[in-house]
Structures are given as structure tokens and as C-alpha cells.
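To get this note's numbering, take the position in the sequence shown, counting from 1, and add 179.
C-beta: ideal position from N, C-alpha, C; glycine also.
Everything below concerns the one structure shown next.
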Amino acid sequence: MKKDIIVLMGGQGVGKGTFSKMLRERHDYNYIETGAMFRSLPADSEIAKIIARGELVPDSELFKLVASKITDDKDLLVDGFPRTLPQAQWLVENFADRFNVRILYLDVPEEIMIARINKRISEGGGRADDADAAAVRRRLDTFWHTTMPAIEWLRTADGIQFSDVDVRGELNDNFDRILAALAE
């Protein structure tokens with residue numbers, strides 16, 4: 180029986196990390212969070228500098244990282260990949276035959292994304308680049324101009340299951356909608 184690759188997609192502040200944690204508390208997933216892996220690199224590394232500028236890490240680096248973490252032993256939960264159309268195409272071309280690829284697009288308006296990022300900062304959490312308004316703006320612009328085309332392509336791609344999940348409500352209600360999408 181094929182295992183699942185569950186991909187949480189959405190803009191900054193939609194709750195991908197929060198919902199990934201909640202899902203992992205309910206099920207034993209292999210877990211890939213590309214952003215956290217790259218952010219754990221030394222601040223003076225080239226990849227850390229790219230991320231600090233609010234830019235995307237080159238595909239060649241991401242493909243190596245993601246491929247090295249994908250195994251057939253259990254379901255996989257992915258946060259932070261794919262973010263571009265070529266990355267989405269690579270995922271489908273390389274893994275849709277071996278796994279049930281399930282995309283959950285966590286949908287909220289930009290003003291909610293910004294409010295959630297600001298809340299992370301005010302609560303003492305978040306990422307180093309959350310405090311840089313220009314970097315946040317670049318990340319959001321990158322989401323709309325680079326990641327949304329990938330999401331739109333995945334919406335109609337063959338061989339995958341795509342679900343839109345509205346996560347603008349309360350945390351537990353949002354999580355219930357995610358669980359409902361996964362039960363489909």
C-alpha cells in the first residue's frame with residue numbers, strides 16, 4: 180500500500196508549523212521542514228544569507244535535501260516545499276507514482292498572515308526575519324508571485340489530491356478542517 184506525502188502549503192503566518200506539530204502529535208510521520216533545516220545553518224552560510232534577504236534557496240539544494248529525507252517506511256509530512264512551479268513539478272514527477280501526494284493549501288487573506296506574523300513577534304517567537312518588515316514583505320511578495328503559480332498548477336495536476344482548507348478561524352476549528360480534508 181502506498182504511503183502518503185502530505186504537503187502543507189500557504190503563505191507565511193498561515194500556521195503550517197503549528198498544524199504540522201498538531202498532526203505529528205496524532206500520527207507518526209517522517210517530517211520535512213525545509214525552512215527550519217536551512218535556518219539552522221550558521222548565519223554566515225550562503226543559504227542563511229539568502230533566507231535573511233527573504234529570497235528562496237536554489238532548487239538544486241532543495242531537491243537534494245528533500246530527496247534525501249523521503250523514505251517508503253511511513254507517511255511523510257512536508258512543510259515549506261514546494262514553493263515554486265519547478266519544485267511542484269519535480270515533486271509530482273518524482274514521487275506521485277510511489278506515494279499518494281496530498282496537497283493541503285492553507286488559505287487565509289494576506290492581512291491575517293501579517294497579523295499572525297506580528298503576533299509571533301509580540302509573543303517572543305517567530306523567525307529572525309519576521310522582525311524585518313522589508314523581509315516579511317519580500318516573503319509575502321514571493322509567495323504571491325512564485326508560490327501561488329505552483330499552488331494553482333498543483334490544483335489541477337494529475338496524480339495528486341488537492342484540498343483547499345480555510346484556516347482563518349480559531350485554531351481548533353482550523354485543525355478540524357485539516358483533519359476533514361485528510362479524511363477525504
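If you draw a straight line from the Cα of K182 to the Cα of V287, it is about 29 Å long. For I229, the enclosing alpha helix (DSSP H) begins and ends at 225-231. Taking each of F341, T325, P221, R295 in turn and checking the Cα distance to D238, the smallest one comes out for T325. Spatial neighbours of D343 in its own chain (CB-CB distance under 7 Å, excluding positions within 5 residues in sequence) are listed in chain order as Y284, D286.
According to the DSSP secondary-structure assignment, M188 is paired through a beta bridge with Y284. DSSP places V236 outside both helix and strand once states are collapsed to three, so it counts as coil. Cβ neighbours of A313 within its own chain (closer than 8 Å, five residues either side excluded): G233. According to the DSSP assignment, V344 belongs to the beta strand (DSSP E) that extends over 339-345. The closest CA to that of I339, considering only E212, W269, K228, is found on W269. Under the DSSP assignment, E331 falls in the alpha helix (DSSP H) whose first and last residues are 327-335.
By DSSP's assignment, D183 forms a beta bridge with N279. Judged by DSSP in its simplified three-state form, V193 adopts coil rather than helix or strand. Between V257 and I184, the C-beta gap is smaller than 8 Å, which places the two residues in contact. Between I249 and E240, the C-beta gap is not smaller than 8 Å, which leaves the two residues out of contact. Counting along the chain, the unbroken alpha helix (DSSP H) around L361 starts and ends at 350-362. Taking A310 as the centre and dropping the five residues before and after it, the same chain places the C-beta of I300 closer than 7 Å to its C-beta, in chain order. With contacts defined as CB atoms closer than 8 Å, G190 and F322 qualify as a contacting pair.
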